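Asker: Residue numbers (the working numbering): 284 to 440. Just so you know, even glycine gets a beta-carbon here, dropped at the ideal spot from N, CA and C. Bear in mind the structure is a predicted one, so any value in this text is a computation, not a measurement.
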Amino acid sequence: MSNYKYFIQEGNRFHLKTSRPIAIVRAIACLAIGITVYFIVPPEKKIGLWGALIFVFFALVNLLKTTKRLVIDTTARTITHKNNLLNAEAVYRYDDFEQFYVLTGKYLFLTMDSTAFFIFNQEGREKRVPIVVGLFSTRPVQDAINETSSIMGFDAR
Numbered sequence: 284m285s286n287y288k289y290f291i292q293e294g295n296r297f298h299l300k301t302s303r304p305i306a307i308v309r310a311i312a313c314l315a316i317g318i319t320v321y322f323i324v325p326p327e328k329k330i331g332l333w334g335a336l337i338f339v340f341f342a343l344v345n346l347l348k349t350t351k352r353l354v355i356d357t358t359a360r361t362i363t364h365k366n367n368l369l370n371a372e373a374v375y376r377y378d379d380f381e382q383f384y385v386l387t388g389k390y391l392f393l394t395m396d397s398t399a400f401f402i403f404n405q406e407g408r409e410k411r412v413p414i415v416v417g418l419f420s421t422r423p424v425q426d427a428i429n430e431t432s433s434i435m436g437f438d439a440r
């Protein structure tokens, strides 16, 4: 039994780890900023209320991202993905898998973020399933892809 950085193994199923404590800290920080903006800006200026609502929205999005589920079942050769609590669960087969894809965003030669995706071909349509997101570097995203391909048995590919 191997020790994985991005996945938790339960028999032949591998569950993507979520960073709940970090998301909760970010949500609390967003709520604190929203409350601060609301009370600092005078009530006659509506921008204080709108600013506070935007940060409350950011807090809710952070909490919603903790409900992401990605399960790789090596026996059934399927990948089950649920992006968040509001989205439906989707099941993809290994046979539909085409490649991994890394999307990077750069600004002035600096990597701002990078996202790893599965690319599936289902009935002639390309489906992108996000795996992980990394900030300021592509190394963690590449490590997650290497770990995922190892779990799926695509090392020799």
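Just to confirm before moving on: does the CB-CB distance between residue 382 and residue 402 stay below 8 Å?
Answerer: Yes, the pair counts as a contact, with Cβ atoms nearer than the cut-off.
Asker: Got a sec? Which residues, its chain only, sit under 8 Å from residue 336 by beta carbon, not counting five neighbours each side?
Answerer: Counting only Cβ-Cβ distances below 8 Å, and skipping sequence neighbours, we find 317.
Asker: Identify whether residue 334 lies in helix, strand or coil by the three-state DSSP scheme.
Answerer: Note: residue 334 maps to helix in three-state DSSP.
Asker: Please state the DSSP three-state secondary structure of residue 302.
Answerer: Residue 302 falls in the coil class under three-state DSSP.
Asker: With residue 412 as the anchor, note down where its alpha helix (DSSP H) starts and where it stops.
Answerer: Note, residue 412: premise wrong, no alpha helix (DSSP H); beta strand (DSSP E) at 408 to 418.
Asker: If I follow the unbroken alpha helix (DSSP H) through residue 426, where does it start and stop?
Answerer: Where residue 426 is concerned, the enclosing alpha helix (DSSP H) stretches over 422 to 435.
Asker: Assess, as a yes-or-no matter, whether the stretch 386 to 398 is touched by the stretch 421 to 433 under the definition of 3 or more beta carbon pairs within less than 8 Å.
Answerer: In short, these stretches touch, since the Cβ pair count reaches three.
Asker: According to DSSP, which residues form a beta bridge with residue 399?
Answerer: 385, per the DSSP bridge assignment.
Asker: Count the other CB atoms within 10 Å of the CB of residue 358; is the residue buried (16 or more) or exposed (fewer)?
Answerer: Residue 358 comes out exposed.
Asker: Indicate the three-state DSSP secondary structure (helix, strand or coil) for residue 371 in the structure shown.
Answerer: Residue 371 falls in the coil class under three-state DSSP.
Asker: Whose C-beta lies closer than 7 Å to the C-beta of residue 429 among residues of the same chain, with five residues either side of it excluded?
Answerer: If we look at residue 429 and ignore the five residues flanking it on each side, it has no Cβ neighbours.
Asker: Please report the residue range of the beta strand (DSSP E) in which residue 365 lies.
Answerer: Here the beta strand (DSSP E) through residue 365 covers 361 to 365.
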